[in-house]
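Residue numbers (this note's numbering): 11 to 149. A quick write-up on the structure given underneath.
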């Protein structure tokens, strides 16, 4: 469960939501499926997004929990997010990359197959017209 503040009277539902979402991101980064399951059960959105910095090896900008799991090689977390209905089509606003592009850029065949099975489109294009297949070929 989320750690509760000592003075609950000062906390709003939005603040509590931020704590729950923080637990989701910590779980994604650590590939901790128990903590991730708890964060989702506590109300964190399976389609949570955040702004990332360069420590994740992503270009700056928004990224979904599913994308970050894939990029970090945290396949257990990614599988759980897929099982819980994560959006396999969500594109990063600034470049159009979706989770399948990320899996292709990581040459993660297992995740490519899992995303395809979840309905991801192999012909989806980035803002520059790059498909996941082309992305994978650029390695």
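Where is the CB? At the ideal position from N, CA and C, for every residue including glycine. Keep in mind it's a predicted model, so treat the numbers as computed, not measured.
{"Asked": "Once DSSP output is grouped into helix, strand and coil, what is the label at residue 51?", "Found": "helix"}
{"Asked": "Please state if the CB of residue 79 and the CB of residue 99 are separated by a distance shorter than 9 Å.", "Found": "no"}
{"Asked": "Closest to residue 102 by CA distance: which of 49, 52, 57, 93 is it?", "Found": "57"}
{"Asked": "Rounded to whole angstroms, what is the Cα-Cα separation between residue 12 and residue 140?", "Found": "Bear in mind that a pLDDT of 42 at residue 12, under 50, signals an unreliable position, so the number given afterwards is only what the model happens to contain. Whole-angstrom Cα-Cα distance: 40 Å."}
{"Asked": "Which partner residues of residue 61 appear in the DSSP bridge assignment?", "Found": "72"}
{"Asked": "Around the C-beta of residue 86, are 16 or more other C-beta atoms found within 10 angstroms, so that it is buried, or is it exposed?", "Found": "exposed"}
{"Asked": "Whole angstroms are fine: how far does the CA of residue 136 sit from the CA of residue 95?", "Found": "22 Å"}
{"Asked": "Grab the span of the alpha helix (DSSP H) containing residue 89 for me, first residue to last.", "Found": "85-93"}
{"Asked": "Go through its chain and collect everything with a Cβ distance to residue 113's Cβ below 7 Å, but skip five positions before and after it.", "Found": "80, 121, 122, 125"}
{"Asked": "With distances taken between CB atoms, is the gap from residue 37 to residue 29 smaller than 9 Å?", "Found": "no"}
{"Asked": "Return the CA-CA distance between residue 111 and residue 146, expressed in angstroms with no decimal places.", "Found": "8 Å"}
{"Asked": "Quick one: is residue 33 buried, meaning 16 or more other Cβ sit within 10 Å of its Cβ, or exposed?", "Found": "buried"}
{"Asked": "Is the beta carbon of residue 76 sitting closer than 9 Å to the one on residue 109?", "Found": "yes"}
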